[in-house]
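Chains as they are written, first to last, in the working numbering: chain V, 16 to 230; chain P, 16 to 230.
Positions of the beta carbon are idealized from the N, C-alpha and C atoms, including for glycine.
Nothing here was measured: the structure is a model prediction, and the numbers come from that model.
There are 2 protein chains.
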Amino acid sequence: MDMKRKTGLILALDVLSRERAIDLATSLADCFDAIKIGYPLILAAGLEIISEISKQAPVIADLKIADIPNTDRLICEQVLGAGASGVIAHAFTGSDSLRACANCAGQFGADLFVVTEMSHPGAREFMGPAAADMARLAVDCGAAGVVAPATRPERIKMIRSIVGQMLIISPGVGAQGGSAKSALQAGADYIIVGRSIIDADDPEAKARELLSQIL
Amino acid sequence: MDMKRKTGLILALDVLSRERAIDLATSLADCFDAIKIGYPLILAAGLEIISEISKQAPVIADLKIADIPNTDRLICEQVLGAGASGVIAHAFTGSDSLRACANCAGQFGADLFVVTEMSHPGAREFMGPAAADMARLAVDCGAAGVVAPATRPERIKMIRSIVGQMLIISPGVGAQGGSAKSALQAGADYIIVGRSIIDADDPEAKARELLSQIL
Numbered sequence: 016m017d018m019k020r021k022t023g024l025i026l027a028l029d030v031l032s033r034e035r036a037i038d039l040a041t042s043l044a045d046c047f048d049a050i051k052i053g054y055p056l057i058l059a060a061g062l063e064i065i066s067e068i069s070k071q072a073p074v075i076a077d078l079k080i081a082d083i084p085n086t087d088r089l090i091c092e093q094v095l096g097a098g099a100s101g102v103i104a105h106a107f108t109g110s111d112s113l114r115a116c117a118n119c120a121g122q123f124g125a126d127l128f129v130v131t132e133m134s135h136p137g138a139r140e141f142m143g144p145a146a147a148d149m150a151r152l153a154v155d156c157g158a159a160g161v162v163a164p165a166t167r168p169e170r171i172k173m174i175r176s177i178v179g180q181m182l183i184i185s186p187g188v189g190a191q192g193g194s195a196k197s198a199l200q201a202g203a204d205y206i207i208v209g210r211s212i213i214d215a216d217d218p219e220a221k222a223r224e225l226l227s228q229i230l
Numbered sequence: 016m017d018m019k020r021k022t023g024l025i026l027a028l029d030v031l032s033r034e035r036a037i038d039l040a041t042s043l044a045d046c047f048d049a050i051k052i053g054y055p056l057i058l059a060a061g062l063e064i065i066s067e068i069s070k071q072a073p074v075i076a077d078l079k080i081a082d083i084p085n086t087d088r089l090i091c092e093q094v095l096g097a098g099a100s101g102v103i104a105h106a107f108t109g110s111d112s113l114r115a116c117a118n119c120a121g122q123f124g125a126d127l128f129v130v131t132e133m134s135h136p137g138a139r140e141f142m143g144p145a146a147a148d149m150a151r152l153a154v155d156c157g158a159a160g161v162v163a164p165a166t167r168p169e170r171i172k173m174i175r176s177i178v179g180q181m182l183i184i185s186p187g188v189g190a191q192g193g194s195a196k197s198a199l200q201a202g203a204d205y206i207i208v209g210r211s212i213i214d215a216d217d218p219e220a221k222a223r224e225l226l227s228q229i230l
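Set out below in structure tokens:
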């Protein structure tokens, strides 16, 4: 995709207002290599928000796609057709579903990122025990990268041992308690950060402060 | 929610055009107790499609929600606020995520349906082994029902033995090869059918033919 590693930071644009999203993307684009957008914003602002934000930075559509292959393909076509450079899918739904996403991403020249496990406590219940197998599946499907939690650096190390040179993008820094530095030291390529920047009194200053800690 | 069992059928409105969706919902509403809408249509037509379709029948938003608790809540708020009577979430993201969906559904007086496993082949890989535990989690969270595949009636029986009187809604009939009758005999309360009706030359006739087979 269009993402080049300059800062190693991905902004999780977790807001619901189109205007706020565009304002934040515009003022923060310099500090981030990509901007991650999820369903709450897309539902509130419409699919067009993807093309609007992608004027500022490459957009990763964090849809955590988890349906049957045909539906997964239709979802990928919509968001990649709208201008997203990457898309995030779950591996839990199995190899055929994940391949449908990988194939569609390939057709658009976009990147597929695969969730291995997540940063919230409940992720330990079903996803944790399956994380290594899901990381292997991501490799088999030719994904561009995987998503692994910054809240658990030891899990990033484990995932790195499976995925080789594949990208690891890592959420959970800030509001969820993860440390950017320890996630990077454990092997993450990109740190995903959202609420701790967006909710700051001065988001740009906060982003530069985070940058100074990791660069 | 507003769904009353008259026909035992739920229409999977798997189209991408707003006009076609409204036409089909209008002509087919009599044959179905609810209409299930997924992300491909919502992304293509906008969130408003939910309120438009809900004029014809109760809408189940089949989003297969699978994110962290805070994001799950934000997604539920959007679709239930737009008029959906029910929402479908995954259980594999764990109890805190699922409870976030259940709590939000409760606030809206809406129904949460929980995916135990799915109808495509890849669902056997990670979801199949976890299905029983995920069904138990659905019970613990006070969900209104679970989703179990019509393509595997023996799995519906197993899920029924866990969930007691909870609703079971069952996709995979028709295009994916499942039989409505055997799914109902195995314990499903509602059959979800989409492409085999929608893609028929005469969708209404096809729906009435299916109804005559099961009533």
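- In the three-state DSSP reduction, Ala27/V falls in the strand class (E or B).
- For Pro168/P, there is no enclosing beta strand (DSSP E); the enclosing alpha helix (DSSP H) has its first and last residue at Pro168 to Val178.
- What Ala59/P touches in chain V, judged by beta-carbon distance under 7 Å, is Gln93, going in chain order.
- Near chain P, meaning a CB-to-CB distance below 8 Å, the residues of the region 39 to 66 of chain V are Gly53, Tyr54, Pro55, Ile57, Leu58, Ala59, Gly61 and Leu62.
- Excluding residues up to 5 positions away in sequence, Cys119 lie with their Cβ nearer than 7 Å to the Cβ of Glu92/P in the same chain.
- Look at Ser32/P: its C-beta is not under 7 Å from any C-beta on chain V.
- Take Leu226/V, set aside five residues on each side of it, and the residues of its chain with a beta-carbon closer than 8 Å to its own are Thr22, Leu24 and Cys46, in chain order.
- With a contact defined as Cβ atoms closer than 8 Å, Ser100/V and Ser69/V qualify at about 7 Å.
- For Leu89/P, at least one C-beta of chain V is nearer than 7 Å to its own C-beta.
- Just so you know, the alpha carbons of Asp38/V and Leu62/P end up roughly 23 Å apart.
- The criterion of a C-beta distance shorter than 7 Å is satisfied by Ile212/V and Lys221/V.
- For the pair Asp216/P and Pro55/V, the Cα-to-Cα distance works out to about 37 Å.
- At a cut-off of 7 Å between C-beta atoms, Asp155/V does not count as an interface residue with respect to chain P.
- Between Ile177/P and Ala198/P, the C-beta gap is not smaller than 7 Å, which leaves the two residues out of contact.
- A Cβ-Cβ separation of about 5 Å places Ile171/P in contact with Ala203/P under the 8 Å criterion.
- Taking 8 Å as the Cβ-Cβ cut-off, the region 130 to 142 of chain V approaches chain P at Met133, Ser134, His135, Pro136, Gly137, Ala138, Arg139, Glu140, Phe141 and Met142, given in chain order.
- The beta-carbon of Gly101/P is placed no less than 7 Å from the nearest beta-carbon of chain V.
- Scanning Ala27/V, Ala125/V and Ala117/V for the CA closest to the CA of Gly189/V turns up Ala27/V.
- The C-beta of Thr22/V comes no closer than 7 Å to any C-beta of chain P.
- Scanning its chain for C-beta atoms nearer than 8 Å, with the 5 sequence neighbours on each side dropped, one finds around Ala44/P the residues Ile50, Gln71 and Ala72, in chain order.
- Counting along the chain, Phe123/P sits inside the alpha helix (DSSP H) bounded by residues Ser110 to Phe123.
- Residue range Ala195 to Ala201 is occupied by the alpha helix (DSSP H) that includes Ser197/P.
- Taken atom to atom, the span from the alpha-carbon of Ala76/P to that of Ile64/P is near 11 Å.
- The three-state secondary structure of Pro186/V, taken from DSSP, is strand.
- Nearest Cα to Ile83/V within the set Gly160/P, Leu113/P and His105/P: His105/P.
- Interface criterion not met: the Cβ of Ser211/P is under 7 Å from no Cβ in chain V.
- By the CB criterion at 7 Å, Ser112/P and Asp87/P fall inside the cutoff.
- Inclusion of Val161/P and Thr131/P in the CB contact set at 7 Å is warranted, their separation being smaller than that value.
- Residues of chain P with a Cβ closer than 7 Å to the Cβ of Ile83/V are, in chain order, Met133, Ser134 and His135.
- Chain P has no Cβ within less than 7 Å of the Cβ of Thr166/V.
- Here the alpha carbons of Asn85/V and Met149/V stand approximately 20 Å from one another.
- The beta carbon of Ser194/V does not come within 7 Å of any beta carbon belonging to chain P, so the residue lies off that interface.
- For the 7 Å CB-CB criterion, Pro164/V and Gly187/V form a contact.
- The continuous alpha helix (DSSP H) containing Ile65/P extends over residues Glu63 to Ser69.
- Its Cα nearest to that of Val74/V, the residue Ala97/V stands out among Ala97/V, Ala153/V and Asp214/V.
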